[in-house]
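Working notes for the structure below.
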Amino acid sequence: MKKMSSDLHHKLIVGLEIHVQLCTKSKMFCGCAVEFGQKPNSRVCPVCLGMPGVLPVMNKQAFEYAVLVGLALNGDIAKFTKWDRKSYYYPDLPKNYQISQYDLPLSMNGSIEIPLESGRTKNIRIIRAHLEEDA
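Every number in this note's numbering is 1 more than the matching position in the sequence shown, counting from 1.
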(Lines of atoms letter the chains of each structure in order from A and count residues from 1; the text may use other names and numbers.)
(Lines give C-alpha, C1' and ligand atoms only; values in the text may rest on other atoms or scores of the structure.)
Protein backbone atom coordinates (compact mmCIF):
# COMPACT_ATOMS: atom_id res chain seq x y z
CA MET A 1 0.00 0.00 0.00
CA LYS A 2 1.39 3.35 -1.01
CA LYS A 3 1.85 5.84 1.80
CA MET A 4 0.42 9.25 1.00
CA SER A 5 1.96 12.45 2.23
CA SER A 6 1.02 16.05 1.93
CA ASP A 7 2.45 19.40 2.78
CA LEU A 8 -0.99 20.53 3.92
CA HIS A 9 -1.56 20.55 7.64
CA HIS A 10 -5.11 20.40 8.90
CA LYS A 11 -6.50 20.60 12.38
CA LEU A 12 -9.76 18.82 13.12
CA ILE A 13 -12.21 20.83 15.22
CA VAL A 14 -15.36 19.06 16.37
CA GLY A 15 -18.39 20.89 17.69
CA LEU A 16 -21.24 19.34 19.62
CA GLU A 17 -24.78 20.57 20.14
CA ILE A 18 -26.10 19.14 23.38
CA HIS A 19 -29.75 19.33 24.41
CA VAL A 20 -30.91 18.93 28.00
CA GLN A 21 -34.38 18.75 29.47
CA LEU A 22 -34.89 20.92 32.53
CA CYS A 23 -36.89 19.32 35.34
CA THR A 24 -39.67 21.88 35.63
CA LYS A 25 -43.30 21.23 36.53
CA SER A 26 -44.67 23.12 33.55
CA LYS A 27 -43.74 23.77 29.93
CA MET A 28 -41.43 26.57 28.82
CA PHE A 29 -44.08 29.10 27.74
CA CYS A 30 -47.36 28.04 29.36
CA GLY A 31 -48.73 26.48 32.52
CA CYS A 32 -49.39 23.03 31.04
CA ALA A 33 -47.99 20.27 33.23
CA VAL A 34 -44.99 18.26 32.11
CA GLU A 35 -45.99 14.68 32.88
CA PHE A 36 -44.46 11.88 30.87
CA GLY A 37 -46.73 9.04 29.81
CA GLN A 38 -50.02 10.95 29.70
CA LYS A 39 -52.64 10.53 26.97
CA PRO A 40 -51.79 12.27 23.67
CA ASN A 41 -53.03 15.87 23.46
CA SER A 42 -54.09 15.90 27.12
CA ARG A 43 -51.44 18.46 28.17
CA VAL A 44 -52.06 21.29 25.68
CA CYS A 45 -53.60 24.74 25.83
CA PRO A 46 -54.21 27.69 23.46
CA VAL A 47 -50.59 28.86 23.96
CA CYS A 48 -49.18 25.43 23.00
CA LEU A 49 -51.37 25.41 19.93
CA GLY A 50 -50.47 28.98 18.89
CA MET A 51 -54.08 30.14 18.90
CA PRO A 52 -54.72 33.77 17.86
CA GLY A 53 -54.65 36.29 20.69
CA VAL A 54 -52.64 34.23 23.20
CA LEU A 55 -49.22 35.26 24.43
CA PRO A 56 -46.51 32.99 25.84
CA VAL A 57 -45.13 33.62 29.34
CA MET A 58 -41.63 32.34 30.10
CA ASN A 59 -41.23 29.69 32.80
CA LYS A 60 -39.36 31.45 35.63
CA GLN A 61 -37.88 28.23 37.02
CA ALA A 62 -36.48 27.29 33.58
CA PHE A 63 -34.88 30.74 33.32
CA GLU A 64 -33.30 30.37 36.77
CA TYR A 65 -31.97 26.90 35.89
CA ALA A 66 -30.51 28.24 32.65
CA VAL A 67 -28.72 31.06 34.50
CA LEU A 68 -27.23 28.46 36.87
CA VAL A 69 -26.07 26.40 33.88
CA GLY A 70 -24.45 29.48 32.34
CA LEU A 71 -22.64 30.24 35.60
CA ALA A 72 -21.56 26.60 36.04
CA LEU A 73 -20.07 26.74 32.53
CA ASN A 74 -18.19 29.94 33.41
CA GLY A 75 -20.22 31.85 30.84
CA ASP A 76 -21.08 35.50 30.56
CA ILE A 77 -24.75 35.99 31.49
CA ALA A 78 -26.49 38.36 29.11
CA LYS A 79 -27.96 41.56 30.52
CA PHE A 80 -30.50 41.43 27.68
CA THR A 81 -31.81 38.55 25.63
CA LYS A 82 -34.67 38.07 23.23
CA TRP A 83 -36.79 35.33 21.77
CA ASP A 84 -37.05 34.41 18.11
CA ARG A 85 -39.60 32.37 16.18
CA LYS A 86 -37.99 29.63 14.13
CA SER A 87 -40.64 28.75 11.55
CA TYR A 88 -40.85 25.18 10.36
CA TYR A 89 -43.32 22.34 10.15
CA TYR A 90 -42.89 19.39 12.47
CA PRO A 91 -45.67 16.99 13.53
CA ASP A 92 -45.22 17.66 17.26
CA LEU A 93 -45.17 21.45 16.83
CA PRO A 94 -48.76 22.41 15.97
CA LYS A 95 -48.16 26.17 15.74
CA ASN A 96 -45.45 25.66 13.06
CA TYR A 97 -42.82 27.70 14.88
CA GLN A 98 -40.46 27.18 17.79
CA ILE A 99 -39.61 29.91 20.29
CA SER A 100 -35.84 30.00 20.74
CA GLN A 101 -33.01 32.32 21.81
CA TYR A 102 -31.08 32.39 18.57
CA ASP A 103 -29.52 35.84 18.14
CA LEU A 104 -29.04 36.78 21.79
CA PRO A 105 -28.59 33.68 23.97
CA LEU A 106 -28.76 33.71 27.76
CA SER A 107 -25.09 32.78 28.18
CA MET A 108 -22.01 32.99 25.95
CA ASN A 109 -18.24 32.53 26.06
CA GLY A 110 -18.14 29.81 28.67
CA SER A 111 -15.66 27.02 29.24
CA ILE A 112 -15.17 23.90 31.28
CA GLU A 113 -11.99 22.04 32.13
CA ILE A 114 -11.95 18.28 31.79
CA PRO A 115 -9.30 15.96 33.23
CA LEU A 116 -7.14 13.94 30.84
CA GLU A 117 -5.62 10.52 31.49
CA SER A 118 -2.19 12.16 31.62
CA GLY A 119 -3.25 14.13 34.69
CA ARG A 120 -3.39 17.38 32.75
CA THR A 121 -6.60 19.20 31.93
CA LYS A 122 -8.14 20.39 28.68
CA ASN A 123 -10.18 23.56 28.39
CA ILE A 124 -13.37 23.07 26.37
CA ARG A 125 -14.96 26.24 24.99
CA ILE A 126 -18.71 26.66 25.35
CA ILE A 127 -19.90 29.08 22.68
CA ARG A 128 -23.44 29.51 23.97
CA ALA A 129 -26.16 28.17 26.24
CA HIS A 130 -29.73 29.13 25.44
CA LEU A 131 -33.33 28.20 26.10
CA GLU A 132 -35.88 27.01 23.57
CA GLU A 133 -39.16 25.19 23.62
CA ASP A 134 -39.27 21.60 22.48
CA ALA A 135 -41.90 18.92 22.23
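Where a beta carbon is used, it is the ideal one built from N, C-alpha and C, also for glycine.
What you are looking at is a predicted structure, and each value in this text was computed from that prediction instead of being measured.
To the nearest angstrom, how far is the alpha carbon of residue i from that of residue j?
i: N60; j: V45; result: 15 Å
i: V21; j: T122; result: 25 Å
i: P47; j: E118; result: 52 Å
i: A34; j: E114; result: 36 Å
i: Y66; j: N42; result: 27 Å
i: I27; j: V58; result: Just to set this straight, residue 27 is Ser in the shown sequence, not Ile. When rounded, the distance between both Cα atoms is 11 Å.
If you drop the 5 nearest sequence neighbours on each side, which residues of the same chain put their C-beta closer than 8 Å to that of residue i?
i: Q102; result: T82, K83, W84, D85, H131, L132, E133
i: L56; result: V48
i: V68; result: I78, L107, S108
Leaving out the 5 sequence neighbours to the left and right, which residues in its chain are closer than 6 Å to residue i when beta-carbon positions are compared?
i: L72; result: none
i: P95; result: L50
i: V70; result: A130
i: G38; result: none
Report all residues from its chain with a CB closer than 7 Å to the CB of residue i; omit the five preceding and five following residues, and keep chain order.
i: A63; result: L23, T25, M29, L132
i: S88; result: N97, Y98
i: Y90; result: N97
Compute the distance between the beta-carbons of residue i and residue j, then report whether it is under 9 Å.
i: R129; j: S112; result: no
i: V105; j: I78; result: Note that residue 105 is Leu in the sequence shown, not Val. No. Outside cutoff.
Our contact map puts residue i next to residue j with C-beta atoms below 8 Å; I'd like the distance itself, whole angstroms only.
i: N110; j: G54; result: No, N110 and G54 are not in contact; Cβ-Cβ is about 39 Å, not under 8 Å.
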